[in-house]
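Everything below concerns the one structure shown next.
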Ligand SMILES: Nc1ncnc2c1ncn2[C@@H]1O[C@H](COP(=O)(O)OP(=O)(O)OP(=O)(O)O)[C@@H](O)[C@H]1O
Ligand SMILES: NC(=O)CC[C@H](N)C(=O)O
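Residue numbers (the working numbering): 7 to 639.
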């Protein structure tokens, strides 16, 4: 509709802008209704569940190699906690296998001895299970160290591997370029097989220190071939290197040499019978090197994906507004010269999977988010608030509702007897009868949120104020404030009020919690409300090297309400968790945070791991606000 007032044509009755808008709205609503009637059969068809793995790019990947026994793998390096990006990798690899009736392995890509710790192994498997997937097999690249070593010798025997003693600078020089001229091979390139074998064994037996010797693959550096040879991933990259700090958590000090990613990954894929090796786009340039090694050792036919594993690459999931790098999160968790700024790797302000779980994000919401963004070769760039919006929509349909008062003020009804009790039957979700109902007590004393009261009335304020009435959600009659009292710090501590049908209904309805020992109401709780950890919307651009990020940490990123109150329906919600009941959590991976609910007019909440059943301590985390601006009302 145009902004300007319409000019009526001569002779036509002049209608006001408001009336015209009303008419237009009516007509639009009618048209929409008509359209939806006509479109009903098509809409119903569209509502049939669509398997996202059998659409678009993923379907194309399957069609390139439509085998009966689809086998994929999720191959994290066990050097830190998984983050939201990994939720995409897990969903893609496990989901693809599931859709095509195949299997997916969890493979710990543990070829880097210095960085791996037991805690990460357990946490990674937990997250896969929590997301609702069960690995067909759990493997470790290190399980195959013997076999990998034998194949490295075989590569040498086939004249396709050589031990090189160049320094890093010499290797760089050999790669050529504007500074170094044409690419060239070093003197070690033409050593005999026997010589190379002996020297490789010497590497294995500890004759060399780190950097003094490498086993390199004889790819294309010495070749005159154009095309493939332009790819630096094929310039005789290292297959094995010596590690001085060589203790490995599974093989101990057995090995002084360790295989590189380029040597290990494709071979482990072949050992495990992987049909579709799905990884992120930054590995695309490595695909020719992946195929080169498989072909060199007869695990694949040249220029064919029929035999052996086929690597294909999808776009990473990048989330702006937070940091995902393990190194940076470690700085926040452990502190360096600066004190730690978060509670741990699972601090709900982080985007590690353990943190998202602790915050209360349902695993199904993460998977849906990943798939809704789409799986293609394009990088999926998104922002934390887009993720929040998606989680909000997911929770809206799936979790029950309760009344929770964040910052309570006591309300005493002067016109009710001390033992007044109205038992109200309240649905857990008015739009979903299946979730059932529960009983809450309406009593002489109730608690309302401080935000819902003003000491001085204002015509634009529709809730409780002296002389003003307001409706109560789930109660029969409205209430009206007669007076209030304050403490020495000028804080309102008690409101005197009336309740009954004689009062004006008011223009809004607010939430409340009744006080009744018989109903164990209210339940006290500490509520933590989270906001972005950094003031900057681009925290990756902060100064991480010299600690400049610290000043950007928002001290208001966690606000604690220590005296919140929840109505007694919470007990039922707790006993009947997980909400929603789906895959991982329903199958035993439910943490305390699977106790989720919508606090009416407030936010979505989940129980925090700091809660303690024995002492009755309840701590809640805000999962997301009800609206994007985090404001209620
Ligand atoms: N942001 C992301 N989006 C999608 N997939 C990812 C993302 N980050 C990692 N992956 C994939 O997850 C799998 C296991 O990753 P791994 O932990 O080895 O990766 P990484 O790149 O070291 O992760 P980090 O981002 O923590 O450095 C790999 O296949 C990798 O491609
Ligand atoms: N091909 C892949 O998926 C890569 C996995 C490997 N762990 C990495 O370094 O990221």
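The C-beta atom is built at its ideal place from N, Cα and C for all residues, glycine as well.
Predicted, not measured: the structure shown is a model, and the values here were computed from it.
In this structure, DSSP gives residue 357 a state outside helix and strand, which the three-state scheme calls coil.
Secondary structure at residue 385: coil, using DSSP grouped into helix, strand and coil. Each of 439, 139, 551 and 256 was checked against the Cα of residue 593, and the nearest Cα belongs to 139. Residue 284 sits away from residue 322, with the two beta carbons spaced by 8 angstroms or more. Counting along the chain, the unbroken alpha helix (DSSP H) around residue 162 starts and ends at 151-163. Between ligand 2 and residue 271, a heavy atom-to-CB distance of less than 7 angstroms is present.
In this structure, residue 376 lies away from residue 320, with their beta-carbon atoms at least 8 angstroms apart. With a threshold of 16 other beta carbon atoms within 10 Å, residue 438 falls short and is exposed.
Here DSSP, grouped into helix, strand and coil, assigns residue 445 to strand. Comparing C-alpha distances from residue 158 to each of 245, 146, 177 and 196 shows the shortest one belongs to 245. Here the distance from the Cβ of residue 245 to the nearest heavy atom of ligand 1 is not below 7 angstroms. Minimum Cα-Cα distance from residue 278 among the listed residues 197, 113 and 180 corresponds to 113. A Cβ-Cβ contact shorter than 8 angstroms links residue 630 with residue 394. By the neighbour-count criterion, in which 16 or more other beta carbons inside 10 Å mark a residue as buried, residue 99 falls on the buried side. Shown here, residue 456 sits in a helix according to DSSP, grouped into three states.
Under the DSSP assignment, residue 266 falls outside any beta strand (DSSP E); it carries neither an H nor an E label.
Remark: C-beta atoms of residue 79 and residue 275 approach each other more closely than 8 angstroms. Excluding the 5 residues flanking it on each side, residue 206 has same chain C-beta neighbours closer than 8 angstroms at 158, 159, 162, 167, 169, 221 and 246, in chain order. The segment 537-577 contains, as complete beta strand (DSSP E) runs of 3+ residues, the segments 564-572 (chain order). Per the coordinates, the alpha-carbon of residue 348 lies some 33 angstroms from the alpha-carbon of residue 527.
Taking the C-beta atoms as reference points, residue 417 is found nearer than 8 angstroms to residue 503.
Taking the Cβ of residue 239 as the reference point, every heavy atom of ligand 1 lies at 7 angstroms or farther away. Residue state for residue 344 is assigned as coil, using DSSP reduced to three classes.
For residue 191, there is no enclosing alpha helix (DSSP H), since its DSSP letter is neither H nor E. When secondary structure is reduced to three states using DSSP, residue 618 falls in the strand class. The segment 388-408 makes contact with the segment 430-445: 3 or more CB pairs, one atom from each, lie closer than 8 angstroms.
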